[in-house]
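Undergrad: Submitted below is the structure of interest, expressed as structure tokens.
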Amino acid sequence: MFPRPIEKSAPWVGIAYKVFLPIALILWLLPLIGIAITSVRPASDLASGNYFGMPSGFAFVENYSSVFKNSNIGWYILNSFRVTIPTVIGAVALSCLTGYALAVYKFKSNLFVFFLFVAGNFVPFQILAIPVRDLTLKMGLYDTMTGLVLFHVAFQTGFCTLFMRNFMKALPFALIESARVEGVNEFKIFWHIVLPLVRPAMAALAVLIFTFIWNDYFWATVMAQSADVRPVTAGMNELKGQYKVAWELISAAAIVAALPPVAMFFLMQKHFIAGLTLGATKG
Amino acid sequence: MATVTLKNAKKQFGAVEIIKGIDLSVADGEFCVFVGPSGCGKSTLLRMIAGLEDFTSGSLQIGGKEMAKVESADRGVAMVFQSYALYPHMTVKQNIGFGLKMTGHSLADIEGRTKRAADMLQLEPLLDRKPSQLSGGQRQRVAIGRAIVRNPEVFLFDEPLSNLDAALRVQMRIQIGKLHHDLKATMIYVTHDQVEAMTMADKIVVLHAGRIEQVGSPLELYHRPNNMFVAGFIGSPKMNFVNVEAGTGSSLKLPGGGTVKIDGMKAKLSGKLTLGIRPEHVELAKKTADANVSTVVRAAEYLGSETMFYVTLPDGTEAAVKADGLAKTQVGDTLLLHFPPKACHVFDPDGKTLHNGDLSK
Amino acid sequence: MAQTGVQPKPRGFWKTHQKTLAPWLFLAPGIAMFLLYVIFPIFESIWISFYQWDGLGPKTWVGLQNYRDLFADDSFYTSLKNNLIWLVLYLLAIPMGLTVALFLNQTVTGIRLYKSLFFFPFVISQVVVGLIFTWFYAPDFGLLPKLLQALTGSGKDFAVLADERYATLGVIAAGLWPQTAYCMILYLTGLNNINPEQVEAARMDNAKGLSMLWHIILPQLRPATFIAFVVTVIGALRSFDLISVMTLGGPYGSTRVLSYFMFEQALSEYGTAMGYGAAIAVVLFAIMLVFITIFIVRMLSQERNS
Chain A
1 MFPRPIEKSA
11 PWVGIAYKVF
21 LPIALILWLL
31 PLIGIAITSV
41 RPASDLASGN
51 YFGMPSGFAF
61 VENYSSVFKN
71 SNIGWYILNS
81 FRVTIPTVIG
91 AVALSCLTGY
101 ALAVYKFKSN
111 LFVFFLFVAG
121 NFVPFQILAI
131 PVRDLTLKMG
141 LYDTMTGLVL
151 FHVAFQTGFC
161 TLFMRNFMKA
171 LPFALIESAR
181 VEGVNEFKIF
191 WHIVLPLVRP
201 AMAALAVLIF
211 TFIWNDYFWA
221 TVMAQSADVR
231 PVTAGMNELK
241 GQYKVAWELI
251 SAAAIVAALP
261 PVAMFFLMQK
271 HFIAGLTLGA
281 TKG
Chain B
1001 MATVTLKNAK
1011 KQFGAVEIIK
1021 GIDLSVADGE
1031 FCVFVGPSGC
1041 GKSTLLRMIA
1051 GLEDFTSGSL
1061 QIGGKEMAKV
1071 ESADRGVAMV
1081 FQSYALYPHM
1091 TVKQNIGFGL
1101 KMTGHSLADI
1111 EGRTKRAADM
1121 LQLEPLLDRK
1131 PSQLSGGQRQ
1141 RVAIGRAIVR
1151 NPEVFLFDEP
1161 LSNLDAALRV
1171 QMRIQIGKLH
1181 HDLKATMIYV
1191 THDQVEAMTM
1201 ADKIVVLHAG
1211 RIEQVGSPLE
1221 LYHRPNNMFV
1231 AGFIGSPKMN
1241 FVNVEAGTGS
1251 SLKLPGGGTV
1261 KIDGMKAKLS
1271 GKLTLGIRPE
1281 HVELAKKTAD
1291 ANVSTVVRAA
1301 EYLGSETMFY
1311 VTLPDGTEAA
1321 VKADGLAKTQ
1331 VGDTLLLHFP
1341 PKACHVFDPD
1351 GKTLHNGDLS
1361 K
Chain C
2001 MAQTGVQPKP
2011 RGFWKTHQKT
2021 LAPWLFLAPG
2031 IAMFLLYVIF
2041 PIFESIWISF
2051 YQWDGLGPKT
2061 WVGLQNYRDL
2071 FADDSFYTSL
2081 KNNLIWLVLY
2091 LLAIPMGLTV
2101 ALFLNQTVTG
2111 IRLYKSLFFF
2121 PFVISQVVVG
2131 LIFTWFYAPD
2141 FGLLPKLLQA
2151 LTGSGKDFAV
2161 LADERYATLG
2171 VIAAGLWPQT
2181 AYCMILYLTG
2191 LNNINPEQVE
2201 AARMDNAKGL
2211 SMLWHIILPQ
2221 LRPATFIAFV
2231 VTVIGALRSF
2241 DLISVMTLGG
2251 PYGSTRVLSY
2261 FMFEQALSEY
2271 GTAMGYGAAI
2281 AVVLFAIMLV
2291 FITIFIVRML
2301 SQERNS
């Protein structure tokens, strides 16, 4: 292990480490902690300039209920789920298919197709925005959930294919060959052998794509206009304009908006990190 | 049951030729072992028979029917993989029945066949376990069971014992032998371990660099190798090779000035040659007069039942000698060796056999 | 699959061509979507960049005029300069992430929770990060001016985001926060996968501290470093959310980058210069293509070796 484990150092080093660790964490999360505390301050604190002292009261219920009552944030959060969940399902399903094709079959353009997906995954959004918005308009899907979801599914398929293909490629190929010798057809091999074995990869992708799409802001502004469609990221920015200096409310809204991906991360931490660090350990 | 015949089988990966024209016929019910060093093409050849690799050219007949372009599943073969290839998410029972289920066999049929295979391989107590709960030997048996239920005409084994420890390997060797006896099916078995080849095979095919070096029964290969490669590959420890020069008549001049006179030599000898003699056939000279060559002991292994001496000849050639367990010679001592003429093989400079000794004389 | 439907027996065409047709059947839906929404639009944008177009009416061919205009536009150079600053400063996330990872790569109780909490900023949307930092920088009551006040006795009214000199740096600092967390997690995984026997062998060879890090650890972390480099570069060039939330490109357009500049021109409420916007996007795409190529070439050589 590197660096040398603390237990093997002098006792005072261990104590110093354990003392410094929480301090470092507080410093690291200072902006977030600040926002969290602000979100439960009574409005009077901010008016009287008490931004950092002890809150004069605990206004959790007031602030948070005020945010839900006086803004569309509840609706926006629902919208975010309505965009995110179908995208996750669509992108994971499509990439299971593409990943399987690219991992298992040898054909001439295999690597070309694979790298098309990989490269497409890295292009700037701006090069896609005008034609994609135009296409969506022509399909009559502009400012609809479906329009937004279709694009997200297509774009995320790039990353998901990279991920799935590499995961499937690491499965023992003899499993597939063995099934072929036994006369199992290609679709049944996919369904009965490969899919059950890639469940961890599907979970990892699902949490990752959930976070990506939940946090998307660019496409939410480009493809959605009305409050019926607007996800919470775009909604937040609107709230910022609406509340101006009512920072206790902006903070509360920010915390609410951040909550679902944070919860997802804590629930599925192992899968999340496995997804993010894909490829970081091989080669 | 079926014969397997290969005619001028070739396989290229890109520009590299892996299999360079193989002609071979395996009789119905025969246990045939492909053996050779790693990279000789033995696994590729097996995978071509299985239908997992295409033929670049040539033909394959199984039971008299042309199969080189037929889908793997329709060849009537079953394969046992080196890694066992058990489906990790299925129980033993599901693993064994999976192929049958996917190809539309009735449940009763699957049940019956699974039971029969489980009986043969003592798998009943394991049927509901997952592969991860099995030991290496058990996994191996499940993999074989999966092959048996398909009632194949030909069984293919790809180094099936290489992941097992030595004791288990012996046990599985016997089990596969028994299976062959019971099923009387044609079996083709790939291994790099010549002991496995010698103990299991009816027929051994020695492969080297994509070609067949020799085909024959284990004892044929041991006693009558066609060339130096086979002579060196079959037998453990491997045969000693000594550089010699043809003398008068059928005598050979050894390093250090000694000679050996080969009886029954038919070929006419001349120039530089190689003499081959197995370590177990070299004798320690009892009298100086019997000695063909004087050597120095470099290392010695006292195993009790026998003693292995690793010696250096006067020209620096290294050789191994298997002596009886009571031999007391020490490292650094001189060891006088006697080469019994009937145990000597002679090879020409190209490695082809000019003469095989005949121990039965 | 349709082929089997009309055959009386499941043999025949499908059976014989199964292995050549199957991959394309598996690929079809994914490829169709990806071509429609990602690959074709790239070429369409390039094509649009040669037109003058308000997004609704007819397009007028103007050839390279959009590019000529662009190269004469001061805003373009400001954006380009800012992109470069983003790129360089964003790369600091890599050593910073490594430092945090080394600090946290211990086995004391509760360390797992610490690692998760350090990773926190990456999970939060950039919109929220932008809001948090806007508040952090807010003059008079923000945390940063307060800290400056406490430390130096002045700077209470220091407005980072309203100051042309510091605004871009302020936005980048906000971006470095989640990006460092990302690099940290990459390195933590990398450190976790280092063969401990190799580290012990190096210890017996008397390597320690920085020399150990440099000669033994870093070479083994190269795959992690490469991924960190790729995601950081792409992240820097894609920067949009933070600018949009924190400064709207201001003050006086001084925090614009190409992606935001393009948005302003073509996509925002008042932006109708599609051709001009497309030209900006093409330039940004060309810059990114350099990095994409580096990445693909390296991945390709990895594929060939395996």
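Residue numbers (our numbering), protein chains in the order written: chain A, 1 to 283; chain B, 1001 to 1361; chain C, 2001 to 2306.
By construction, the Cβ of each residue, glycine as well, lies at the ideal position given by its N, Cα and C atoms.
1) With a threshold of 7 Å (Cβ to nearest heavy atom), would R230(A) be considered close to the ligand FAD?
2) Using only CA atoms, which one of F1233(B), K1238(B), A1289(B) and E1280(B) lies nearest to V1260(B)?
3) Name, please, each residue of chain C whose Cβ falls closer than 9 Å to the Cβ of E182(A).
4) Out of curiosity, what's the CA-to-CA distance linking V222(A) and L2267(C)?
5) Could you tell me how far apart the beta carbons of L1207(B) and G1041(B) are, in whole angstroms, since I believe they sit closer than 8 Å?
6) Check this for me: beta carbons of G1099(B) and R1139(B), under 8 Å apart or not?
7) Please report whether the beta-carbon of I193(A) lies at a distance below 8 Å from any beta-carbon of chain B.
8) Under the three-state reduction of DSSP, which class applies to G1256(B): helix, strand or coil?
9) I'd like the list of long-range same chain contacts for E1159(B), defined as Cβ closer than 6 Å, with 5 residues on each side in sequence excluded.
10) Would you call L208(A) buried or exposed, if buried means 16 or more other Cβ atoms sit within 10 Å of its Cβ?
11) Which residues does DSSP pair with R1211(B) in a beta bridge?
12) Residue range of the alpha helix (DSSP H) that T2189(C) falls in?
13) Whose Cβ in chain C lies nearer than 8 Å to the Cβ of K18(A)?
14) Indicate whether G1145(B) and L1164(B) have their beta-carbon atoms separated by less than 8 Å.
15) According to DSSP, I1019(B) sits in a beta bridge with which residue or residues?
16) Along chain A, in chain order, which residues have C-beta atoms closer than 7 Å to that of L1164(B)?
17) Just the chain C side, please: which residues come within less than 8 Å of P5(A) by C-beta, in chain order?
18) Since I130(A) meets chain C, which of its residues come closer than 7 Å, beta carbon to beta carbon?
19) Taking 7 Å as the limit between beta carbons, can you name the residues of its chain near E2164(C), skipping five residues before and five after?
20) Is M1187(B) helix, strand or coil by DSSP?
21) Unbroken alpha helix (DSSP H) runs of length 4 or more, entirely within the segment 1035 to 1117 of chain B: which are they?
22) So is K108(A) in contact with chain C if we call contact Cβ pairs under 8 Å?
23) Would you mind working out which of P1314(B), H1281(B) and S1360(B) sits nearest A1323(B), comparing C-alpha positions?
24) Tell me the start and end of each unbroken alpha helix (DSSP H) in the segment 200 to 256 of chain A that is at least 4 residues and wholly inside, in chain order.
25) Is the segment 1043 to 1060 of chain B touching the segment 1004 to 1024 of chain B in the sense that three or more CB pairs, one from each, lie closer than 8 Å?
26) Within 8 Å (strictly less), CB to CB, does G1332(B) reach chain A?
27) For K2019(C), would you say it is in contact with chain A, using Cβ-to-Cβ distances shorter than 8 Å as the test?
28) Going along the chain, which residues of its own chain have a beta-carbon closer than 8 Å to the beta-carbon of D1333(B), five neighbours each way excluded?
29) Does the beta-carbon distance from F1034(B) to V1205(B) come in below 8 Å?
30) How far does the alpha helix (DSSP H) with L27(A) in it extend, from its first residue to its last?
31) Cβ atoms of G1271(B) and G1362(B): under 8 Å apart, would you say?
32) So for P2010(C), helix, strand or coil by DSSP?
33) My guess is that L2104(C) and L2176(C) are in contact by the Cβ rule of under 8 Å, so how many angstroms apart are they, rounded?
34) How should T2189(C) be labelled, buried or exposed, when 16 other C-beta atoms within 10 angstroms of its C-beta is the threshold for buried?
35) Rounded to whole angstroms, what's the CA-CA distance from G2209(C) to R2203(C)? Just pull it up for me.
36) Are A1050(B) and L175(A) closer than 8 Å when you measure CB to CB?
TA: The short version:
1) Of ligands this structure carries none, so the ligand FAD is not represented either.
2) A1289(B)
3) Chain C residues near E182(A): none, gap ~14 Å exceeds 9 Å.
4) 7 Å
5) 6 Å
6) no
7) yes
8) coil
9) Q1082, V1190 and T1191
10) buried
11) H1208(B)
12) A2167 to N2192
13) V2108
14) no
15) K1011(B)
16) Here the premise fails: no neighbours, minimum Cβ distance about 17 Å.
17) Q2106 and T2107
18) S2045, I2048, A2266, M2274, G2277 and A2278
19) P2251, Y2252 and S2254
20) strand
21) 1042 to 1050 and 1092 to 1102
22) no
23) H1281(B)
24) 218 to 223 and 232 to 243
25) yes
26) no
27) yes
28) V1296 and V1297
29) yes
30) P11 to W28
31) The shown model of chain B, from 1001 to 1361, leaves out residue 1362(B), and the question about it has no answer.
32) Reliability fails at P2010(C), whose pLDDT of 48 lies under 50, so the model's placement of it is uncertain and the value that follows must be treated cautiously. Coil, per DSSP.
33) Not confirmed; about 18 Å, so no contact.
34) buried
35) 10 Å
36) no
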